[in-house]
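Beneath this line is the structure, given in structure tokens, with notes to follow.
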Ligand SMILES: [Zn+2]
Ligand SMILES: [Zn+2]
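Numbering (our numbering), first residue to last: 293 to 542.
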């Protein structure tokens, strides 16, 4: 093969390989939201500077326990009247816009490779907020959701967070039935429906939880029923303090 053709061939292969890898593994190359090319600094987020700045960060005064927005500093009406089984619920984002798009894409729209980027937000946030724990627990999916999705979405995130923060992951919870369509239920029905679907794993050594500080990881917090249910189970089994960390809140 003449030298010039060989050079052309190598250049073509390199170009093809590069565009192929970008198509199959777009992470680290282009912004997941707007498609802009990413520099080294932004590759660990898979987002460009503009899209990072536009993320729906939570602002304003929030209840120091459940994290709901409040008009004046101090606990919200709900937390003043109900004894929550957890100490504090943290979330960096509103469940809207680009974060909602990334979470849905990660879980259900064929972009499971997004998990390091979703985890990175939680890791940065947990470091900034100085959140610590003895054990990290994730909210598990039901068996049918796991079958449909093909992977345990919260576990992937929890493993990354645990590794980055030097916490130990433990898996005490089991979600044993698929909850009914929660959108059709009242708040109380939703809570009862969820409460019935979580339990301790039968083979779990419960003594591990006694006197421990636990951080529960979930992707999205809406009514707080899931967090409350899971925290209550851990509390009933001896955990000393439980905090909740979700990526976003509705
Ligand atoms: Zn962008
Ligand atoms: Zn509250």
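Using N, Cα and C, we set each Cβ at its ideal position, and we do this for glycine too.
Could you tell me how far apart the beta carbons of residue i and residue j are, in whole angstroms, since I believe they sit closer than 8 Å?
{"i": "residue 379", "j": "residue 535", "result": "5 Å"}
{"i": "residue 356", "j": "residue 367", "result": "6 Å"}
{"i": "residue 507", "j": "residue 425", "result": "4 Å"}
{"i": "residue 390", "j": "residue 343", "result": "6 Å"}
Sort the options by Cα distance to residue i and report the nearest one.
{"i": "residue 351", "options": "456, 343 and 363", "result": "363"}
{"i": "residue 484", "options": "433, 422 and 522", "result": "522"}
{"i": "residue 442", "options": "406, 400 and 430", "result": "400"}
{"i": "residue 340", "options": "531, 321 and 365", "result": "321"}
{"i": "residue 539", "options": "386, 493 and 331", "result": "386"}
{"i": "residue 354", "options": "348, 525 and 381", "result": "381"}
{"i": "residue 491", "options": "517, 478 and 526", "result": "526"}
{"i": "residue 234", "options": "377, 346 and 334", "result": "What is shown of the chain runs 293 to 542, which leaves residue 234 out entirely."}
Go ahead and label residue i buried or exposed: buried means 16 or more other beta carbons lie within 10 angstroms of its beta carbon, across all protein chains shown.
{"i": "residue 263", "result": "For residue 263 there is no data in the structure shown, the boundaries of the chain being 293 and 542."}
{"i": "residue 338", "result": "buried"}
{"i": "residue 440", "result": "exposed"}
{"i": "residue 260", "result": "Since the first residue shown for the chain is 293 and the last is 542, residue 260 is missing from the structure and cannot be characterised."}
{"i": "residue 467", "result": "buried"}
{"i": "residue 480", "result": "exposed"}
{"i": "residue 418", "result": "buried"}
{"i": "residue 420", "result": "exposed"}
{"i": "residue 361", "result": "exposed"}
{"i": "residue 433", "result": "buried"}
{"i": "residue 486", "result": "buried"}
{"i": "residue 459", "result": "buried"}
{"i": "residue 394", "result": "buried"}
{"i": "residue 374", "result": "exposed"}
{"i": "residue 313", "result": "With a pLDDT of 47 at residue 313, under the threshold of 50, the modelled position of that residue is not reliable, and the figure given next carries that caveat. Counting Cβ neighbours within 10 Å, residue 313 comes out exposed, since fewer than 16 surround it."}
Please indicate yes or no: does the CB of residue i lie closer than 7 Å to some heavy atom of ligand 2?
{"i": "residue 238", "result": "A query on residue 238 cannot be resolved here, the shown segment of the chain reaching from 293 to 542 and no further."}
{"i": "residue 357", "result": "yes"}
{"i": "residue 523", "result": "no"}
{"i": "residue 360", "result": "yes"}
How about residue i: is its Cβ closer than 7 Å to a heavy atom in ligand 1?
{"i": "residue 342", "result": "yes"}
{"i": "residue 339", "result": "yes"}
{"i": "residue 328", "result": "yes"}
{"i": "residue 325", "result": "yes"}
Hey, is residue i close to ligand 4, as in C-beta under 7 Å from one of its heavy atoms?
{"i": "residue 367", "result": "Ligands present in the displayed structure are limited to ligand 1 and ligand 2, and ligand 4 is not among them."}
Using 8 Å as the limit for Cβ to Cβ distance, is residue i near chain B?
{"i": "residue 393", "result": "Given the protein chain composition of this structure (a single chain), no chain B is represented."}
*Quick check: the segment 442–460 against the segment 502–516, are there 3 or more CB pairs under 8 Å?*
yes
*asked:* I want to know whether the segment 448–458 touches the segment 410–418 - three or more CB-CB distances under 8 Å.
replied: yes
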